[in-house]
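Chemist: Which chain is which? The protein sequence lines are C and A, in order.
Numbering follows my numbering, with no gaps: position 169 of the first sequence is 183.
Numbering follows my numbering, with no gaps: position 141 of the second sequence is 155.
By construction, the Cβ of each residue, glycine as well, lies at the ideal position given by its N, Cα and C atoms.
Protein chains: 2
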Amino acid sequence: VTSRVVELVDATRRGDRVALARLLSVVENGGRDARDAVAALGPLAAVAGIVGITGAPGAGKSSLTAALIARVRATGDRVAVLAIDPTSAFTGGAILGDRVRMQAHDTDDGVFIRSMATRGHHGGLTRATPQAVAVLEAAGYPWVLLETVGVGQVEVAVAGAADTVLVVVNPGWGDGVQANKAGLLEIGDVFVVNKADRDGVAETRRDLEAMLTLSRARGEDWQPPVIETVAINGRGIEELWRAIESHREHLAASGEQARRVEARARQEVRGIVLEQLTAEADIACAGPKFEELAARVVARELDPYAAADELRGAMQKGAQ
Amino acid sequence: VTSRVVELVDATRRGDRVALARLLSVVENGGRDARDAVAALGPLAAVAGIVGITGAPGAGKSSLTAALIARVRATGDRVAVLAIDPTSAFTGGAILGDRVRMQAHDTDDGVFIRSMATRGHHGGLTRATPQAVAVLEAAGYPWVLLETVGVGQVEVAVAGAADTVLVVVNPGWGDGVQANKAGLLEIGDVFVVNKADRDGVAETRRDLEAMLTLSRARGEDWQPPVIETVAINGRGIEELWRAIESHREHLAASGEQARRVEARARQEVRGIVLEQLTAEADIACAGPKFEELAARVVARELDPYAAADELRGAMQKGAQ
């Protein structure tokens with residue numbers, strides 16, 4: 015374990031915000047330093063409440079996150095936010111607009127907000143999300159909000175890392191059917207109809223409740239509630255917070271919490287393996303051998319499977 | 015090459031729709047049969063026009079697809095649609111609602127509509143999408159529409175497999191900023207503001223045009239147009255079709271078409287390698303060794319990286 019990473023972990027435990035930010039970069043970037051950080055952090059305390067906030071772009075997740083920050087701060091508790099941004103597969107850029115919208119909390123020392131870009135490597139987010147949560151726990155935050163941007167692979171990482179997953183929809187937003195199509199019904203512990211001052215709330219609630227009755231509930235004894243909010247003016251936030259607390263009580267009382275800790279360990283190990291394998295594939299697909307094989311596929315001298323066989327043969331030789 | 019797959023390819027070339035449907039299942043499922051199908055299909059003719067239709071859930075992609083089907087059929091040409099559905103990471107189920115909405119075309123022999131579920135294996139969709147397009151080309155369809163459901167990894171596969179990518183947004187849908195956040199700006203060749211009978215069209219157009227000026231255009235000489243449509247009543251569809259045809263002319267004239275064929279070959283080979291590697295990881299993460307390692311991580315006897323090392327060691331041993 016490098017002394018630099020050990021120092022960052024120690025400083026993070028002492029409440030140093032600069033060290034915390036650096037340590038989050040370390041786990042985000044992966045590789046040897048992330049490995050050292052996990053070793054230095056030691057086992058997860060698993061005492062923080064981890065709330066995932068997911069839903070389609072434009073549903074108001076950032077406004078809801080801001081309202082939940084205010085709700086937590088009203089109790090005096092500190093809160094950390096991890097905003098999981100999509101990285102465009104094409105440019106590698108992440109958008110920071112959501113952070114701007116949370117600036118109202120930027121001068122509050124009890125609030126820590128961080129954007130984490132999803133890495134291109136498959137498994138990277140799956141691995142980095144629980145590791146980043148472990149860093150925030152080490153820094154002593156009793157609440158961690160995981161906000162996602164977009165729908166897709168990201169939800170899997172968030173659902174795996176959170177204790178309570180909020181799925182945010184809007185009235186008339188494809189009548190809730192879209193939430194089902196996007197695979198969000200299975201991962202939600204609490205459903206939020208945000209922008210509930212618009213038309214179509216009753217229909218969206220009815221659709222959600224009907225589909226939730228049909229679909230498998232995430233925890234067997236837990237019936238996910240549907241809460242109406244208007245995040246920008248705070249309407250429904252108190253009720254939403256009570257639902258989050260009820261869900262946490264359910265997790266503890268039912269033994270589901272222990273099952274989620276086990277699932278998280280499985281997910282992290284799987285994420286590490288996938289990330290390592292795809293990183294090796296990415297390296298192989300950036301080299302001269304790959305270019306040669308692809309040119310032969312284009313020239314119709316080789317079919318794509320034969321090209322893949324040759325590339326994997328070269329990868330295995332390189333690994334030995 | 016198995017005789018069954020060769021027979022399916024022959025029957026598909028003769029116009030047998032049942033064989034076509036079976037052959038699509040073969041490439042979708044991957045493995046040895048997909049490999050044989052690619053060998054039997056031979057090199058891609060690359061004569062069909064392939065139009066990708068992407069955007070957030072609820073933007074009206076299915077309605078737009080239905081309108082484009084009608085536009086193609088008006089010329090007498092046949093058209094195939096591949097609707098790429100999300101498979102929930104948790105249940106493995108795909109939703110077929112979009113097919114229902116296209117039923118108006120179900121009795122037309124010149125239209126072939128097929129849903130393809132995205133497979134859990136990373137790379138699976140990247141591999142299967144160009145292979146399915148090759149099957150539809152072999153069946154003689156001069157136009158193939160690739161409609162996606164949801165935003166995320168799916169877009170990468172569609173952008174890689176299509177000649178012309180339509181990005182569908184709505185007026186006021188997060189002011190077009192959401193399209194940027196979701197990484198859609200870089201992949202779009204034509205932008206469609208659908209539901210343009212609603213408020214906010216001018217703002218959305220302005221936002222898109224401003225961001226497009228800032229962002230790298232996909233083809234260097236091509237300035238992506240922004241087209242307003244109301245898919246459900248056909249408004250703007252003629253203008254959209256002209257934009258698609260202009261883009262195809264640009265691809266041919268600029269040499270960009272050849273560059274896309276090369277990129278597609280690279281993507282298919284990479285997809286095959288990733289799919290094989292992640293399938294092997296999935297097998298390893300379903301076995302007793304993985305369960306034993308995960309239990310030791312939960313018991314804090316082993317850190318997640320050490321568990322990953324042990325698992326990869328077991329995988330390599332198994333491969334030898």
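Check for me: the alpha helix (DSSP H) holding A:E259 runs from which residue to which?
Modeler: I251 to S268
Chemist: Could you tell me if A:P318 is buried or exposed, where buried requires 16 or more neighbouring beta carbons within 10 angstroms of its beta carbon?
Modeler: Classification for A:P318: buried.
Chemist: DSSP on A:V19, reduced to helix/strand/coil?
Modeler: helix
Chemist: With a threshold of 8 Å, are at least 3 pairs of Cβ atoms found where one atom belongs to the segment 233–248 of chain A and the other to the segment 67–80 of chain A?
Modeler: yes
Chemist: Starting from C:T178, find everything on chain A with Cβ-Cβ shorter than 7 Å and list it in chain order.
Modeler: Simply none; closest approach about 16 Å.
Chemist: Tell me, which residues are paired with C:S129 by DSSP?
Modeler: C:A97
Chemist: Would you say A:L288 reaches chain C, if we count a Cβ-Cβ gap shorter than 9 Å as a contact?
Modeler: yes
Chemist: Leaving out the 5 sequence neighbours to the left and right, which residues in its chain are closer than 8 Å to A:G154 when beta-carbon positions are compared?
Modeler: R27, G29 and R92
Chemist: Quick check on A:R326 - is its C-beta less than 9 Å from some C-beta in chain C?
Modeler: yes
Chemist: Helix, strand or coil for A:V61, going by three-state DSSP, please let me know.
Modeler: The three-state secondary structure of A:V61, taken from DSSP, is coil.
Chemist: Please report the straight-line C-alpha distance between A:V41 and C:V95, rounded to a whole angstrom.
Modeler: 42 Å
Chemist: Note the first and the last residue of the continuous beta strand (DSSP E) segment covering A:L160.
Modeler: Under the DSSP assignment, A:L160 falls in the beta strand (DSSP E) whose first and last residues are W157 to T162.
Chemist: If contact is defined by three or more beta carbon pairs under 8 Å, each pair taking one atom from either stretch, is the segment 253–260 of chain A in contact with the segment 293–304 of chain C?
Modeler: no
Chemist: At a CB distance below 7 Å, what residues from the segment 299–328 of chain A approach chain C? Give them in sequence order.
Modeler: Result list: C299, L307, A308, V311, V312, R314, D317, P318, Y319, A321, A322, L325 and R326.
Chemist: Step through the CB atoms of chain A and report whether any lies within less than 9 Å of the CB of C:T143.
Modeler: no
Chemist: Is DSSP giving C:G45 helix, strand or coil here?
Modeler: helix
Chemist: Show which residues of chain C have a CB atom less than 7 Å away from the CB atom of A:R49.
Modeler: Y319
Chemist: If you measure between the beta carbons of A:V312 and C:V275, is that distance less than 9 Å?
Modeler: In this structure, C:V275 lies closer than 9 Å to A:V312 by Cβ.
Chemist: In or out: A:S102 buried (at least 16 other Cβ within 10 Å) or exposed?
Modeler: Low per-residue confidence applies at A:S102: pLDDT is 36, beneath 50, and the placement is therefore not dependable enough to give any value.
Chemist: Output the distance between the C-alpha atoms of A:S268 and C:Q271, rounded to the nearest integer angstrom.
Modeler: 58 Å
Chemist: Compare the C-alpha of C:H261 against each of C:F205, C:V283 and C:D211 and name the closest.
Modeler: Ranking C:F205, C:V283 and C:D211 by Cα distance to C:H261 puts C:F205 first.
Chemist: If you measure from the beta carbon of C:E276 to each beta carbon in chain A, is any gap under 9 Å?
Modeler: yes
Chemist: Roughly how many angstroms lie between the CA atoms of C:D213 and C:N43, to the nearest whole one?
Modeler: Cα-Cα distance, rounded: 44 Å.
Chemist: Taking DSSP as the reference, what is the three-state secondary structure of C:I67?
Modeler: strand
Chemist: Give the DSSP bridge partners of A:I241, in chain order.
Modeler: A:V206
Chemist: Excluding the 5 residues preceding and the 5 following A:R310 in the sequence, name in chain order all residues of the same chain whose CB lies nearer than 6 Å to its CB.
Modeler: L316
Chemist: Can you tell me which of the three DSSP states A:L325 falls into?
Modeler: helix
Chemist: Report all residues from its chain with a CB closer than 8 Å to the CB of A:A277; omit the five preceding and five following residues, and keep chain order.
Modeler: Answer for A:A277: G174, listed in chain order.
Chemist: Compare the C-alpha of A:P239 against each of A:K303, A:G202, A:M130 and A:V23 and name the closest.
Modeler: A:G202
Chemist: Does the beta-carbon of A:V61 have 16 or more other beta-carbons within 10 angstroms, so that it is buried, or is it exposed?
Modeler: Burial state of A:V61 is exposed, judged by a 10 Å Cβ sphere holding fewer than 16 other Cβ atoms.
Chemist: Check whether the Cβ atoms of C:A193 and C:L159 sit closer than 9 Å, and answer yes or no.
Modeler: Not a contact, by the Cβ cut-off of 9 Å.
Chemist: Following the continuous alpha helix (DSSP H) through C:L180, name the residue where it begins and the one where it ends.
Modeler: From DSSP, C:L180 is part of no alpha helix (DSSP H) but of the beta strand (DSSP E) over T178 to V183.
Chemist: Suppose the cutoff is 6 Å on Cβ atoms and the five residues either side in sequence are ignored; what does the same chain contact list for A:T162 look like?
Modeler: T68, I98, V168 and V172
Chemist: For A:L198, which residues of its own chain have a beta-carbon under 6 Å away from its beta-carbon, when the five flanking residues on both sides are left out?
Modeler: V181
Chemist: Exposed or buried, which one is A:K209 when buried takes at least 16 other CB atoms within 10 Å?
Modeler: Classification for A:K209: buried.
Chemist: Taking C:L265 as the reference, which of C:A25, C:G63 and C:L22 has the closest Cα?
Modeler: Checking every option, the nearest Cα to that of C:L265 belongs to C:G63.
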